[in-house]
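Working notes for the structure below.
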Amino acid sequence: MGRKFKGMTKRSEDYPQWYQEVIKGAELAQHAPVKGCMVIRPYGYAIWENIQRQLDEMIKETGHENAYFPLFVPESFINKEKDHVEGFAPECAVVTHAGGHKLEENLYIRPTSETIIGDVYRGWIQSYRDLPLLINQWANVVRWEKRTRLFLRTSEFLWQEGHTAHETPEEAQEETLKMLEVYRSFAEDYLAMPVITGEKPAYDRFAGADHTYSIEGMMQDRKALQAGTSHNLGQNFAKAFEIKYLSREQKEEFAWTTSWGVSTRLIGGVIMTHGDDKGVVMPPKVAPLHVVIVPIARNDEDKAKVNEYLEPLVAKLKKMRYGELKLRVKVDNREALRPGPKFFEWERKGVPLRVEVGMRDVAAGNLVFARRDGGEKQTMSRDSFAENVLSLLDEIQQSIYDKALAFRKENTVELDDLNEFKAFFTPKNKKEPEIHGGFVLAHYAGCDETEKTLKELKVTVRCVPLGQDEEDGKCIVTGQPSRKKAIFSKAY
RNA sequence: CGGGGUGUAGCUCAGCCCGGUCAGAGCGCUGCGUUUGGGACGCAGAAGUCGGAGGUUCGAAUCCUCUCUCCCCGACCA
């Protein structure tokens, strides 16, 4: 009989606590000795690598090239775009000394790279023939946030940031939406995280942008997570950094620029979208491991037989590809652990398929496997498993997406009445607020007073979804005439 | 940055109120053996400047001051 083992906190009991325990239990990341920073452990970093490899392909397929710009941004650059300074300067880390001397000009550690890239683009762009300029960079950035949470908001985080320059506002807008669509499809098709695409309200725009768009996912505590943003920067940065070109009409014009990014926050999104009370659940397409095999044997003789039985299977699996990348298979041969603890560990780590093989299976030519997304253990012949493994992974990928989508639908309501709206976002038990709320789709006129009412409820306008039919309505908060609905929600 | 918590072995914590074998437990870890289809067992062992710095005291994990971390709630935000 097993000893009593403390399970992890349930999502329903304490969601933030669950989130931390899950990260720790799956060995994804830990706090670093530096405030607000994290160490991304190998198992967690592998997810990031898989995100990088596949998203990078998509970014390149849409015509972008990778480059790299400096970590340090001269203070004067940050100061050039008015809104940008106001937005970012307060949360920047600044280098004042280097090489044992005080610097003549402070160097900001990039919170984002529009300014330094703008300065470089000035030199790269002279003619309409130099446009469009389509660049992406994978980098780390630093934002000195007041309150940090592993993956969701850390002082330093990893991301990709695309920076493009165009001839016309139409082209820039097209680019902005194209990359938003890339993010949508990446989130949904790879991370199995359903998202809503839409435009941010004016007050929530990127500092220095004309339009900001985002993808918004619903986490299991029904709060929204902004999982990626795409900005149409108009000519704001072009003017600040004199990114000018000679047009087809022989006139000097400012370029139209965009920027867009997703970060390691996506990993937080994956955890909170799919995780359950046993641990994380990895979407197969970004899972560090697809299949883990636990051999079970009573003695050395059996061990040898089981391993021999497994060899051809493992060899076959390792040659396979799942999507664009190799199938990732591991045989858990650790001697010190019995099978039980191994099962629990791989469950915490969310490996999509766990295979058990013992003498029983060797004799019958079978294996036993369990899907991380649920259901009973199943027995299958060794050969059929190899034939079915890819479709099993596809099924898991699809089923966790469907589950997340169903969850979002269940927790999304359309409302026209402010009282219902308030009730929706008010916990029933104030002393111990339970998980409540969700997404509200309601008319929104975009006026400033709306913000105040929302603030009292701790609700934010997530975005005005794209592709909706316009209709006459009244803003749910102010009653002002409105043509479009917005998604309202509590958010990370 | 405000309010509230917290910090003792890798983890979970006891000890603190009433200073004096208080450096402790369980899990984990190491070695040997037995075990192995859902968190095994025996024996032996290693491991902590009690978050940090000052102070009070004959003596501080324990009392005082300052400081830092992390967590929760706010304000700020990918």
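When we follow my numbering, the leftmost residue of the first sequence carries the number 579, and every step to the right adds one. Idealized CB from N, CA, C, for every residue including glycine. A quick note: this is a predicted structure, and the numbers were derived from the prediction, not measured.
**Buried or exposed (CB count within 10 angstroms, at least 16 for buried), Asp1047** = As a working mapping, residue 1047 is identified with position 469 in the first sequence. So Asp1047 ends up on the exposed side.
**Message:** Could you compute how far the alpha carbon of Pro1075 sits from the alpha carbon of Ala717?
**Reply:** Because residue 1075 is not part of the residues shown, which for the chain are 579 to 1070, the question remains open.
**Request:** Can you give me the Cβ contacts of Trp838 inside the same chain, cut-off strictly under 8 angstroms, excluding the 5 residues immediately before and after it?
**Result:** Along the first sequence, read from residue 1 onward, the residue named residue 838 stands at position 260. These residues qualify, in order along the chain: Glu739, Gly740, Thr754, Met757, Leu758, Tyr761, Gly806, Thr807, Ser808 and His809.
**Request:** Would you decide whether Met579 is buried or exposed? Buried here means 16 or more other CB atoms lie within 10 Å of its CB.
**Result:** Position 1 of the first sequence, counted from the first residue, corresponds to residue 579. For Met579, the pLDDT reaches just 31, beneath the cut-off of 50, and the residue's location in the model is therefore unreliable, although a value from the coordinates is still provided. Exposed.
**Item:** Sufficient close CB pairs (3 or more, under 8 angstroms) joining the stretch 763-783 to the stretch 997-1012
**Value:** Too few Cβ pairs lie closer than 8 angstroms, so no.
**Item:** 6 angstroms Cβ shell around Val651 - same chain, five flanking residues per side excluded
**Value:** Stepping through the first sequence from its first residue, residue 651 is reached at position 73. Once the five neighbours on either side are set aside, the close Cβ partners of Val651 are Tyr686, Arg688, Thr693 and Ile694.
**Request:** For Asp951, count neighbouring C-beta atoms within 10 Å of its own C-beta (all shown protein chains included) and say buried if the count is 16 or more, exposed if not.
**Result:** In the first sequence, counting from the first residue as 1, residue 951 sits at position 373. The residue in question, Asp951, is buried, as its Cβ has 16 or more Cβ neighbours within 10 Å.
**Asked** Any idea if Lys897 is buried or exposed, counting beta-carbon neighbours within 10 angstroms, 16 or more meaning buried?
**Response** Here residue 897 refers to the residue found at position 319 when the first sequence is read from its first residue. Lys897 is exposed by the Cβ-count criterion.
**Request:** Name the one or two DSSP bridge partners that Pro1043 has.
**Result:** Along the first sequence, one-based indexing puts residue 1043 at 465. As DSSP reads the structure, Pro1043 sits in a beta bridge with Gly776.
**Prompt:** Any idea what DSSP makes of Met579, helix, strand or coil?
**Reply:** Here residue 579 is taken as the residue at index 1 of the first sequence, counted from 1. Residue placement at Met579 is flagged as unreliable, the pLDDT there being 31, under the threshold of 50; a coordinate-derived value is accordingly withheld.
**Item:** Of the residues Gln976, Tyr1022, Ala984 and Gln975, the one placed nearest Leu996, counting alpha carbons only
**Value:** Along the first sequence, read from residue 1 onward, the residue named residue 996 stands at position 418. Per the Cα distances, Tyr1022.
**Message:** Along the chain, where does the beta strand (DSSP E) containing Pro652 start, and where does it finish?
**Reply:** On the first sequence, position 74 is the one that residue 652 refers to. Counting along the chain, the beta strand (DSSP E) containing Pro652 begins and ends at Phe650 to Pro652.
**Alpha-carbon spacing of Phe764 relative to His852, whole angstroms** = The residue you call residue 764 lines up with position 186 of the first sequence. The residue you call residue 852 lines up with position 274 of the first sequence. Distance between the alpha carbons of Phe764 and His852 is about 16 angstroms.
**Asked** Between His744 and Ser841, what straight-line distance do the alpha-carbon atoms span, to the nearest angstrom?
**Response** Taking the first sequence and counting its residues from 1, one reaches residue 744 at position 166. Taking the first sequence and counting its residues from 1, one reaches residue 841 at position 263. Within the model, the alpha-carbon separation for His744 versus Ser841 is close to 24 angstroms.
**Item:** Residues bridged to His789 [DSSP beta-bridge criterion]
**Value:** For the purposes of this step, residue 789 is taken as residue 211 along the first sequence, with counting starting at 1. Partner(s): Asn810.
**Message:** Using 8 angstroms as the threshold, is the C-beta distance between Lys927 and Val872 below it?
**Reply:** Residue numbering aside, residue 927 sits at position 349 when the first sequence is read from its first letter. Residue numbering aside, residue 872 sits at position 294 when the first sequence is read from its first letter. The beta carbons of Lys927 and Val872 sit no closer together than 8 angstroms.
**Asked** Between the C-alpha atoms of Gly1057 and Phe1002, what's the straight-line distance to the nearest angstrom?
**Response** Counting from 1 along the first sequence, the entry for residue 1057 is found at position 479. Counting from 1 along the first sequence, the entry for residue 1002 is found at position 424. When rounded, the distance between both Cα atoms is 18 angstroms.
**Prompt:** Going straight from the alpha carbon of Gln598 to that of Lys638, what length do you get?
**Reply:** The residue labelled residue 598 in the question sits at position 20 within the first sequence. The residue labelled residue 638 in the question sits at position 60 within the first sequence. Between Gln598 and Lys638, the C-alpha separation is close to 35 angstroms.
**Asked** To the nearest whole angstrom, what separates the beta carbons of Tyr699 and Ser825, a pair I think is in contact under 8 angstroms?
**Response** For the purposes of this step, residue 699 is taken as the residue at position 121 of the first sequence. For the purposes of this step, residue 825 is taken as the residue at position 247 of the first sequence. Contact between Tyr699 and Ser825 is ruled out by a C-beta separation of about 16 angstroms, above the 8 angstroms threshold.
**Message:** Below 8 angstroms, how does it come out for the stretch 879-892 and the stretch 927-944: are there three or more Cβ pairs, yes or no?
**Reply:** By the Cβ criterion, the stretch 879-892 is in contact with the stretch 927-944, since at least three pairs of Cβ atoms, one from each stretch, lie closer than 8 angstroms.
**Request:** Would you tell me roughly how many angstroms separate the C-alpha atoms of Ala948 and Leu970, rounded to the nearest one?
**Result:** Here the question's residue 948 lines up with position 370 in the first sequence. Here the question's residue 970 lines up with position 392 in the first sequence. Taking the straight line joining both Cα atoms gives about 11 angstroms.
**Request:** Mark Gln595 as exposed unless 16 or more other C-beta atoms lie within 10 angstroms of its C-beta, in which case mark it buried.
**Result:** Within the first sequence, residue 595 is the residue found at index 17, counting from 1. By the neighbour-count definition (other C-beta atoms within 10 Å, threshold 16), Gln595 is an exposed residue.
**DSSP state of Ser825 mapped onto helix, strand, coil** = The residue you call residue 825 lines up with position 247 of the first sequence. In the three-state DSSP reduction, Ser825 falls in the coil class, being neither helix nor strand.
**Item:** Rounded separation between Thr775 and Glu682 - CA only
**Value:** If you number the first sequence from 1, residue 775 lands on position 197. If you number the first sequence from 1, residue 682 lands on position 104. Each residue's Cα considered, the two are about 44 angstroms apart.
**Item:** Proximity of Ala607 and Ile601 at Cβ, strictly below 8 angstroms
**Value:** The residue you call residue 607 lines up with position 29 of the first sequence. The residue you call residue 601 lines up with position 23 of the first sequence. Remark: C-beta atoms of Ala607 and Ile601 approach each other more closely than 8 angstroms.
**Asked** In this structure, what does DSSP give as the bridge partners for Val946?
**Response** By one-based count along the first sequence, residue 946 stands at place 368. As computed with DSSP, Val946 is found in a beta bridge with Glu934 and Thr957.
**Prompt:** Ile1054 and Phe999 look like a contact to me (Cβ under 8 angstroms); what is the Cβ gap, rounded to whole Å?
**Reply:** Numbered from its first residue, the first sequence carries residue 1054 at position 476. Numbered from its first residue, the first sequence carries residue 999 at position 421. With a Cβ gap of about 6 angstroms, Ile1054 and Phe999 count as contacting.
**Request:** Quick one: grab the DSSP three-state call for Lys856.
**Result:** Working through the first sequence from its first residue, we reach residue 856 at position 278. Three-state result, Lys856: coil.
**Asked** Is it buried or exposed for Ser1067, if we count other Cβ within 10 angstroms and need 16 for buried?
**Response** Position 489 of the first sequence, counted from the first residue, corresponds to residue 1067. Counting every other CB atom within 10 Å of its CB across the protein chains shown gives Ser1067 a total of 16 or more, marking it as buried.
**Request:** Can you grab the Cα-Cα spacing for the pair Ile703 / Leu709, in whole Å?
**Result:** Against the first sequence, residue 703 aligns to sequence position 125. Against the first sequence, residue 709 aligns to sequence position 131. C-alpha separation (whole angstroms): 7 angstroms.
**Message:** Applying the 10 Å Cβ sphere with the 16-neighbour rule, what's the burial state of Val858?
**Reply:** The sequence position of residue 858 within the first sequence is 280, counting from 1. When all chains shown are included, Val858 counts as buried.
**Item:** Integer Cβ distance of Lys778 from Cys1041, believed to fall under 8 angstroms
**Value:** The sequence position of residue 778 within the first sequence is 200, counting from 1. The sequence position of residue 1041 within the first sequence is 463, counting from 1. Lys778 to Cys1041, Cβ: 6 angstroms. Contact.
**Prompt:** Who are Lys876's beta bridge partners in DSSP?
**Reply:** Within the first sequence, the letter at position 298 stands for residue 876. In the sequence as displayed, the identity of residue 876 is Arg instead of Lys. Answer is none; Arg876 lacks a bridge partner.
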